[in-house]
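Be aware that the sequence shown starts at 1, since it is given in full-length UniProt numbering, and climbs by one per residue. Glycine residues also receive a C-beta, built at the ideal position from the N, C-alpha and C atoms. No experiment lies behind these values; they were computed from the predicted model shown.
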Amino acid sequence: MSPTVLVLLGLASVAAILVLIIKAKAHPFLALLLVSIALALAAGIPMGKVIPLLQEGMGETLGSVALIVTLGAMLGRIIEVSGGAEVLAQALLKAFGPRRAPWALGAASFLFGIPVFVDVATIVLVPIVLAVARRITGRVNMLAYALPTVMALLTVHVVLPPHPGIVGGAELMKSDVGLVLLVGLLPAIVMGLFSQFISAVLVKRTFSPVPAAGSGAAGVPGSGTDEAAGSGEGTGPEAGGGTATTTATRTSTAVRPPSVGLVLAMILVPLVLIMAQTVSSLVLPDSNPVRGVFDLVGASPAALLIGVLLAIGFLGLRRGWGLRRVEDVVASSLPATAAVILITGAGGTFGHVLEGTGVAEAVAGVLTGTGLPVLLLAWLMAALIRAAQGSATVATLTTAPLIAPMVASAGLSAPQIALVTITIGIGSMALSHVNDSLFWVWSRYFQVETGAALRSYTVATTVTSVVGFAVACLMWPLVALIS
């Protein structure tokens, strides 16, 4: 089959995914799976080999993603139910003071958002943010507190593991998750800081009153996409997480809150182990026993497992939880992960079909022929797909397999591939609007009118994504020196 036909098939497959998700309201898992089958048949794959091809793609992706997403959800759940998020927020408020409360909430959200899915984290932090806003006297703008919170959470969600989009993207790009984490820290921090700045600017132009105590949240429509579908902002993978979160929050009766240092330690231990493994692989020979230890405990699943066990011990058992309570809390994290894992696996299936049919290679050839830099292509494609269908996770998982062959043919180093992967995630943050279920979760819980949400949330996500892309461009010559 000619490259031109393959490219047209690739474009048609992406368009079909968007139509199924946006117009037909199909679940992303089904949309990705159905389009993968149709693409394989259209590209001439024998009917008897179509399903095995899909199974290969699903298996290869889930082999690395399932453990990371599940263990990350467990860790976040334990921290959440133990009161860790509230402790972080209160400590930062005390340190920063009321005038800097938005920055304190942003910092707490950034830290809490590392192991916790964005929709779950948003719902958990709602009562804390509302409580802070209601303590401030005078004419208070709800956006001054709600916008920095969600922007910090979303920044971490699209850039840093163990979140499903970036983890799945790393797998599709054949990039090491630890290296993605290491390289992604700088863009994440810069974007997190800038998101707080742009939030402060935008809230001066748009006002939304603080909901009265007891007024409750408005209905939360969902689009069935990313944040509903994989990153979790609505009715999909993490929507289940939202329900479980509410239940566990109501039933949480911890005797005493954990200390700030303990909560931070539970978040940082797995991250430090993962980064240590990455660094040791760069500076130590294979035969070094220290490297062997870090290769074991610093592998992402092992590091997260260690974090989960430590959290069970220090945040659970030592604080009065019985074994049944631990089981209930851990089990309550699983519904939120099921759809995330399936959508990520379906994204891997789609990528595997693109590769197996030669479509990915043909598309890469066309993209290379445009003369556009790979970083710009990665960011722009992810941003456009995000705008079209609303899901950051789906945008990342759709973009990665299209960019991967171009990256492979360019002979880029591992750090460069990691940066391209991160750039895809950064692009998936842009242009979030009414087809993004997190848009509705956030605006309804804080009772922000749709127009005000578009003028604040949508603008903030886009400008922050542009800044993140600029940071990636500045980092490119630096990571090019590392090989």
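Quiz prompt | Simplified DSSP assignment, three categories, for Pro289 | solution = helix
Practice problem: Have a look at the DSSP bridge pairing and note the partners of Pro209. | Solution: Asn141
Quiz item: By Cβ distance below 7 Å, which residues in the same chain neighbour Gly165 in space, the five residues on each side in sequence not counted?
Solution: Val158, Gly230, Ser231, Ala392, Thr393, Thr396, Leu397, Gly425, Ser428
Self-check item: Among Val471, Thr423, Ala453, the one whose alpha carbon lies nearest that of Val180
Solution: Thr423
Practice problem: Under 7 Å Cβ to Cβ from Ile17, same chain only, skipping five residues before and after it: list those, please. | Solution: Ala31, Leu32, Val35, Thr398
Exercise. Please report how far the alpha carbon of Ala362 lies from the alpha carbon of Val116, in whole angstroms.
Key: 38 Å
Quiz item: Since Ser175 is in the alpha helix (DSSP H), which residue starts that stretch and which ends it?
Solution: Per DSSP, Ser175 belongs to no alpha helix (DSSP H) and is neither H nor E.
Quiz item: By Cβ distance below 7 Å, which residues in the same chain neighbour Val140 in space, the five residues on each side in sequence not counted?
Solution: Ala133, Val210
Quiz item: Contact check, Ala404 vs Lys174 under 8 Å by CB: the rounded distance?
Solution: 7 Å
Quiz item: Which value, in whole angstroms, describes the spacing of the CA atoms of Leu402 and Thr450?
Solution: 34 Å
Practice problem: Quick one: residues in its chain with C-beta nearer than 8 Å to the C-beta of Val269, no 5 flanking neighbours on either side, listed in chain order? | Solution: Ala303, Ile306, Gly307, Leu310
Quiz item: If you drop the 5 nearest sequence neighbours on each side, which residues of the same chain put their C-beta closer than 6 Å to that of Gly106?
Solution: Pro148, Ala152, Gln196
Quiz item: How many Å lie between Pro289 and Lys204 at the Cα?
Solution: 56 Å
Quiz item: Whole alpha helix (DSSP H) runs in the stretch 70-122 with 4 or more residues, listed along the chain?
Solution: 84-96, 101-112
Quiz prompt | Beta-carbon proximity check, Ala38 vs Met1, cutoff 8 Å | solution = no
Quiz prompt | Among Ser281, Ile22, Gly10, Leu11, the one whose alpha carbon lies nearest that of Gln389 | solution = Ile22
Quiz item: Rounded to a whole number of angstroms, what is the C-alpha to C-alpha distance between Thr370 and Trp476?
Solution: 20 Å
Quiz item: Which full runs of the beta strand (DSSP E) of 3+ residues lie inside the stretch 300-387, going along the chain?
Solution: none
Quiz prompt | Own chain, CB closer than 7 Å to Leu296, minus 5 neighbours either side, in chain order | solution = Ala302
Practice problem: For Leu284, collect the residues of the same chain with a Cβ closer than 7 Å to its Cβ; drop the 5 residues on either side in sequence, then sort them by chain order. | Solution: Val290, Arg291
Quiz item: Taking three-plus beta-carbon pairs below 8 Å as touching, is the stretch 176-191 in contact with the stretch 460-476?
Solution: yes
Quiz item: Run through DSSP, which three-state label would Ile37 get?
Solution: helix
Quiz item: In whole angstroms, what separates the C-alpha of Leu431 from that of Leu202?
Solution: 16 Å
Quiz item: To the nearest angstrom, how far is it from the Cα of Leu412 to the Cα of Ala418?
Solution: 10 Å
Quiz item: What is the residue span of the alpha helix (DSSP H) that Thr421 lies within?
Solution: 414-427
Practice problem: Taking only the alpha-carbon atoms, compute the straight-line gap between Val463 and Ile45 and give it to the nearest angstrom. | Solution: 42 Å
Exercise. Starting from the Cα of Val459, find the closest Cα among Ser199, Pro373, Ala299 and give me that residue.
Key: Ser199
Practice problem: In the DSSP assignment, find the alpha helix (DSSP H) that holds Arg444 and state where it starts and stops. | Solution: 437-445
Quiz item: Does the Cβ-Cβ distance between Leu62 and Ile341 come in under 8 Å?
Solution: yes
Quiz item: Where do the ends of the alpha helix (DSSP H) carrying Leu262 lie?
Solution: 260-283
Exercise. Identify whether Lys23 lies in helix, strand or coil by the three-state DSSP scheme.
Key: coil
Self-check item: Extent of the continuous alpha helix (DSSP H) run through Thr450
Solution: 450-453
Quiz item: Which one of Val326, Val183, Trp442, Gln277 has the shortest CA to CA distance from Val479?
Solution: Val183
Quiz item: Going by the beta-carbon positions, is the gap between Leu172 and Ala400 smaller than 8 Å?
Solution: yes
Quiz item: When we look at the beta-carbon of Ala331 and count the other beta-carbons within 10 Å, is it buried (16 or more) or exposed?
Solution: exposed
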